[in-house]
Amino acid sequence: MSKSEEITGILILCVLLLVPIAGASYSFDGVPYMDKLDLVAHGTLKGGVYVGESQKLDFPPCTRTFNVPGDVKWARLYVGVWGGTERYEGWVHTTFNGHDFGKTYLRGENDDNPNVYCSGHGVYWVYYDVTDEALSGLNTAIANTSRGERGNKLDGRVYSIILAAVYENANAPYITYWVADGNVNLHGLGWAGALPTITNLASVTFKGVIDPANVVNADLTVLYLAGNSGEPDYLEFNGHGVGGNDVANCGDGETYGIDLKTFDVTGYTQAENSVVFIRGKDINGDGKIDVDDEGNQEGEHYLHPVLTALVAQHKTAEKTLPDFSVTLEFDTVIEGENTLTATVNNYGRLYEDDLVLKVFVDGSEIYSDDVGMDASGMNTLAVSWDATHGTHTIKAAIDAENAVPESNEKNNVFSTDVDVRSRIDLSVKILTPVPENAATNAKSSSILLGIGSILIIPLLMPRNGRSKKLPLLILAILSAALILSGCVDTQTGDSTGGDIVSYLVPVEIRNDGEAAAMDFPLSLYVDGERSVTKTITKLDGGKTIVEELPITVTKGEHLLRAVVDEKGVVKEFRRDNNEDEITYDF
1 MSKSEEITGI
11 LILCVLLLVP
21 IAGASYSFDG
31 VPYMDKLDLV
41 AHGTLKGGVY
51 VGESQKLDFP
61 PCTRTFNVPG
71 DVKWARLYVG
81 VWGGTERYEG
91 WVHTTFNGHD
101 FGKTYLRGEN
111 DDNPNVYCSG
121 HGVYWVYYDV
131 TDEALSGLNT
141 AIANTSRGER
151 GNKLDGRVYS
161 IILAAVYENA
171 NAPYITYWVA
181 DGNVNLHGLG
191 WAGALPTITN
201 LASVTFKGVI
211 DPANVVNADL
221 TVLYLAGNSG
231 EPDYLEFNGH
241 GVGGNDVANC
251 GDGETYGIDL
261 KTFDVTGYTQ
271 AENSVVFIRG
281 KDINGDGKID
291 VDDEGNQEGE
301 HYLHPVLTAL
311 VAQHKTAEKT
321 LPDFSVTLEF
331 DTVIEGENTL
341 TATVNNYGRL
351 YEDDLVLKVF
361 VDGSEIYSDD
371 VGMDASGMNT
381 LAVSWDATHG
391 THTIKAAIDA
401 ENAVPESNEK
411 NNVFSTDVDV
421 RSRIDLSVKI
431 LTPVPENAAT
441 NAKSSSILLG
451 IGSILIIPLL
461 MPRNGRSKKL
471 PLLILAILSA
481 ALILSGCVDT
491 QTGDSTGGDI
501 VSYLVPVEIR
511 NDGEAAAMDF
521 PLSLYVDGER
531 SVTKTITKLD
541 GGKTIVEELP
551 ITVTKGEHLL
561 RAVVDEKGVV
571 KEFRRDNNED
581 EITYDF
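Numbering-wise, the UniProt record's numbering puts 243 at position 243 of the sequence shown, and it's gapless, one number per residue.
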């Protein structure tokens with residue numbers, strides 16, 4: 001190595017050591033789930049399932065008509081709206097058979113409407129329960145949006161208006177049906193190739209058992225938004241491909257933005273059935289669904305399956321009686337008031353009446369009420385439970401008094417053991433604030449020292465012809481540089497000549513309860529004004545964490561106050577330890 005190269009290496013190291021380093025209810029993937037559609041209706045009756053109609057992405061207001069060939073037993077109306085981006089907000093206004101549902105405000109990434117499925121870059125799938133408004137024969141729906149309104153940014157074009165209706169017809173054959181909806185955003189890395197997640201599959205399990213030998217015909221209906229012709233996607237029913245290699249192709253180019261298609265799957269029916277929506281396939285085996293070796297697209301960039309229906313027509317009456325079952329769902333149960341979710345299903349013949357649901361804890365009844373059933377085949381109820389600490393056996397029984405004859409009386413009870421944990425107990429303590437740049441520079445110095453050491457080691461290795469004084473010179477420069485780096489801007493984040501300083505305030509948060517605390521805020525106040533708020537995703541019972549909160553203040557004394565779970569959302573054993581305050585001289 002020449003002397004000039006050695007000097008260059010020294011200069012590089014010095015620069016590295018001295019230069020400061022810069023420190024630093026919508027779901028994009030799918031609603032209500034990112035990997036499946038939600039089963040919303042199922043049952044058995046004499047009749048059919050109507051799903052219609054479909055037209056291309058269009059400007060509002062849009063009018064659609066539907067002709068249902070029977071008495072409506074269950075119905076949902078869907079309106080698809082294109083937002084343009086998840087950041088834009090607006091509204092959709094829908095009427096159906098003269099019934100005005102009013103304006104539903106579409107809030108993009110801030111949306112929390114229970115009947116709005118918004119995912120991706122502002123793809124809305126809005127539903128209305130219209131069982132009471134739907135008619136046998138002609139039905140009319142009108143949808144308008146905020147497109148064109150002064151100040152509106154929402155794109156507001158309407159993909160379509162769709163009616164899904166289960167109807168009864170005495171002259172029709174017996175069918176078993178399933179309807180599922182949602183808004184899954186199947187996507188790769190996006191047009192810019194920069195999305196943090198990839199979603200390639202979505203599925204539906206059609207719960208309930210049928211006899212495939214008694215099926216004379218079975219139709220699978222699927223509905224997509226935002227598909228593109230020429231971008232492959234696939235559909236599998238019970239593992240069998242249906243619809244070719246470009247299912248969502250804008251209705252063969254006729255219905256831009258929406259695909260509504262029905263496939264005959266009679267030959268593929270099983271006792272238990274399922275469907276999988278597939279964004280694409282890795283044709284060239286490079287580990288990603290992008291383009292193949294010839295430059296052809298391997299899958300859709302974005303695709304939104306939003307609705308599916310399976311209808312199996314029977315040769316003879318298969319389910320002559322209803323068949324009820326019940327499940328209980330709950331998150332972590334904490335001593336005190338809790339809400340359990342009871343779901344009652346009817347996997348047999350249509351039943352349109354009430355039956356009794358009872359819930360017991362350790363043999364004692366805590367809930368009893370009538371449950372109304374209809375052609376949706378399901379009903380969900382909230383069950384309150386004032387739980388005590390410890391392990392308990394909880395049991396739910398549907399048709400507990402055996403008042404309704406069923407095809408299967410052995411699946412009416414759900415039972416499980418529940419571990420009831422002590423209440424959450426959050427507390428906070430403000431630790432000693434530290435200059436923000438001190439922490440940054442300490443990390444920077446360590447990193448730079450490591451980099452510098454790697455660079456400098458070859459220069460320090462003795463070689464023939466090298467002056468013995470050179471290593472000493474290098475070490476001297478290295479030491480001086482490290483000293484200087486430790487002195488550069490370590491005391492404050494001063495940006496106005498010494499009046500303003502930036503600090504990190506460490507706040508210790510403890511959870512002395514057994515249950516985990518989820519999604520709660522930590523706020524820091526400076527002289528009575530809120531300075532920063534951070535959401536803590538999870539803090540397990542018996543655990544402690546320290547969060548460093550950045551603040552910028554004038555030099556001198558300031559009153560700091562930290563508050564955890566300020567609005568009291570978390571159910572706690574006590575709340576008198578949820579805040580702490582100190583006075584600190586910055």
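Virtual Cβ for every residue (Gly too), placed ideally from N, Cα, C.
Task: Buried versus exposed, by CB contacts within 10 Å (16 or more), Thr269 - done: Taking the sequence shown and counting its residues from 1, one reaches residue 269 at position 269. The residue is buried, with at least 16 neighbouring Cβ atoms inside 10 Å.
Task: Nearest candidate by alpha-carbon position, reference residue 587, set Gly70, Leu260, Ser54, His93 - done: Any property of residue 587 remains undetermined from this structure, which presents the chain solely from 1 to 586.
- [ ] Kindly indicate which three-state DSSP category Asn379 falls into: helix, strand or coil?
- [x] The count along the sequence shown starts at 1 and reaches residue 379 at position 379. It is a strand residue.
TODO: Rank Ile142, Thr85, Leu135, Trp74 by C-alpha distance to the C-alpha of Gly102 and give the top, closest one.
DONE: By one-based count along the sequence shown, residue 102 stands at place 102. Of Ile142, Thr85, Leu135, Trp74, the residue nearest in Cα terms is Ile142.
Task: Residue(s) in a DSSP beta bridge with Gly80 - done: As a first step, residue 80 must be located in the sequence shown, where it is residue number 80. In DSSP, Gly80 forms a bridge with Trp125, Ser160.
Open item on the list: Please identify the residue among Tyr167, Leu357, Lys315 whose C-alpha is closest to the C-alpha of Val326.
Closed with: On the sequence shown, residue 326 is found 326 positions in, with the first residue counted as 1. Measuring from the Cα of Val326, the nearest candidate turns out to be Leu357.
TODO: May I have the straight-line CA-CA distance separating Gly30 from Asp527, to the nearest angstrom?
DONE: Here the question's residue 30 lines up with position 30 in the sequence shown. Here the question's residue 527 lines up with position 527 in the sequence shown. If I take the Cα positions, the gap works out to 42 Å.
- [ ] Tell me where the alpha helix (DSSP H) around Asp252 begins and ends.
- [x] Residue mapping note: residue 252 aligns to position 252 of the sequence shown, counting from 1. Unbroken alpha helix (DSSP H) run through Asp252: 250-253.
Task: C-alpha gap between Val418 and Tyr177, whole angstroms - done: In the sequence shown, residue 418 corresponds to position 418, counting from 1. In the sequence shown, residue 177 corresponds to position 177, counting from 1. In a straight line, the C-alpha of Val418 is about 35 Å away from that of Tyr177.
Task: Cross-strand partners of Ser502 (DSSP beta bridge) - done: Position 502 of the sequence shown holds residue 502. Ser502 pairs with Thr552.
- [ ] Name the one or two DSSP bridge partners that Leu560 has.
- [x] As a position in the sequence shown, residue 560 is number 560, starting the count at 1. Note: Leu560 sits in a beta bridge opposite Val526, Ile582.
- [ ] Answer yes or no: do His93 and Asn144 have a C-beta to C-beta separation smaller than 8 Å?
- [x] By one-based count along the sequence shown, residue 93 stands at place 93. By one-based count along the sequence shown, residue 144 stands at place 144. Yes.
Open item on the list: Whole angstroms are fine: how far does the CA of Val209 sit from the CA of Leu235?
Closed with: Taking the first residue of the sequence shown as position 1, residue 235 is located at position 235. Taking the first residue of the sequence shown as position 1, residue 209 is located at position 209. Between Leu235 and Val209, the C-alpha separation is close to 22 Å.
- [ ] Take the Cβ of residue 602 as the centre, count every other Cβ of all protein chains shown within 10 Å, and call the residue buried at 16 or more, exposed below.
- [x] Residue coverage of the chain in this structure runs from 1 to 586, which leaves residue 602 outside it and unanswerable.
Task: Assigned secondary structure, Ala213 (DSSP; H/G/I helix, E/B strand, else coil) - done: In the sequence shown, the residue the question calls residue 213 occupies position 213. Three-state DSSP puts Ala213 in a helix.
Task: Bounding residues of the beta strand (DSSP E) (the contiguous stretch that carries Thr65) - done: Here residue 65 is taken as the residue at index 65 of the sequence shown, counted from 1. Residues 62-68.
Open item on the list: Buried or exposed, going by whether 16 or more other CB atoms sit within 10 Å of the CB of Glu149?
Closed with: Indexing the sequence shown from 1 puts residue 149 at position 149. Glu149 should be labelled exposed.
Open item on the list: Within the continuous beta strand (DSSP E) that includes Lys395, where are the two ends?
Closed with: In the sequence shown, the residue the question calls residue 395 occupies position 395. 390-398 is the span of the beta strand (DSSP E), which, as asked, contains Lys395.
Task: Beta-carbon separation (whole angstroms), Val40 vs Tyr78, contact threshold 8 Å - done: In the sequence shown, residue 40 corresponds to position 40, counting from 1. In the sequence shown, residue 78 corresponds to position 78, counting from 1. No, Val40 and Tyr78 are not in contact; Cβ-Cβ is about 11 Å, not under 8 Å.
TODO: Determine the contact status of Val81 and Tyr124, defining contact as a CB-CB distance below 8 Å.
DONE: Taking the first residue of the sequence shown as position 1, residue 81 is located at position 81. Taking the first residue of the sequence shown as position 1, residue 124 is located at position 124. Yes, these two residues count as a Cβ contact at 8 Å.
Open item on the list: Between which two residues does the beta strand (DSSP E) holding Gly102 run?
Closed with: Numbered from its first residue, the sequence shown carries residue 102 at position 102. Start and end: 99-106.
Task: Status (buried if at least 16 other CB within 10 Å, exposed otherwise) for Lys36 - done: Mapped onto the sequence shown, residue 36 falls at position 36. By the neighbour-count rule (16 or more Cβ atoms within 10 Å), Lys36 is buried.
TODO: With a 10 Å radius around its C-beta and 16 neighbouring C-beta atoms as the bar for buried, classify Val166 as buried or exposed.
DONE: For the purposes of this step, residue 166 is identified with residue 166 of the sequence shown, where counting begins at 1. Result: buried.
TODO: Report yes if the C-beta distance between Ser523 and Thr533 is below 8 Å; otherwise report no.
DONE: Residue 523 sits at position 523 when you count from the first residue of the sequence shown. Residue 533 sits at position 533 when you count from the first residue of the sequence shown. Yes, the Cβ-Cβ distance between Ser523 and Thr533 is below 8 Å.
TODO: Starting from Ser27, follow its DSSP beta bridges and name the residues at the other end.
DONE: The residue labelled residue 27 in the question sits at position 27 within the sequence shown. Ser27 is not bridged to any residue.
TODO: Measure the C-alpha to C-alpha separation of Arg510 and Val570 and round it to an integer number of angstroms.
DONE: One-based indexing of the sequence shown puts residue 510 at position 510. One-based indexing of the sequence shown puts residue 570 at position 570. Each residue's Cα considered, the two are about 14 Å apart.
- [ ] Quick one: grab the DSSP three-state call for Tyr268.
- [x] Counting from one through the sequence shown, the residue named residue 268 turns up at place 268. Three-state DSSP puts Tyr268 in a helix.
Task: Cβ shell of Glu86 (< 6 Å), same chain only, five flanking positions each side left out - done: As a first step, residue 86 must be located in the sequence shown, where it is residue number 86. So the list reads Gly108, Glu109, His121, Gly122, once near-sequence residues are dropped.
Open item on the list: Please report the distance separating the alpha-carbon of Val158 from that of Leu220.
Closed with: Counted from its first residue, the sequence shown places residue 158 at position 158. Counted from its first residue, the sequence shown places residue 220 at position 220. The straight-line gap from Cα to Cα measures roughly 25 Å.
Task: Residue from Asn200, Ala164, Gly137 whose Cα sits closest to the Cα of Tyr128 - done: One-based indexing of the sequence shown puts residue 128 at position 128. Nearest C-alpha to Tyr128: Ala164.
Task: Start-to-end residues for the beta strand (DSSP E) that takes in Pro305 - done: Position 305 of the sequence shown holds residue 305. It spans 302-314 - the beta strand (DSSP E) in which Pro305 sits, taken as one unbroken run.
Task: Local conformation of Asn144 per DSSP, three classes - done: Residue mapping note: residue 144 aligns to position 144 of the sequence shown, counting from 1. Three-state DSSP puts Asn144 in a strand.
Task: DSSP-derived helix/strand/coil call for Lys567 - done: Within the sequence shown, residue 567 is the residue found at index 567, counting from 1. Note: Lys567 maps to coil in three-state DSSP.
Open item on the list: Would you say the beta carbon of Ile366 is closer than 7 Å to some non-hydrogen atom of the ligand SAH?
Closed with: Only the bare structure without any ligand can be found here, which leaves the ligand SAH out of the picture.
Task: DSSP three-state assignment for Glu572, whether helix, strand or coil - done: Numbered from 1 along the sequence shown, position 572 holds the residue referred to as residue 572. Of the three classes helix, strand and coil, the one that applies to Glu572 here is strand, per DSSP.
Task: Close-in-space but distant-in-sequence residues of the same chain around Glu133 (CB under 7 Å, 5 per side omitted) - done: For this step, residue 133 is matched to residue 133 along the sequence shown. The residues are Phe96, Asn97, His99.
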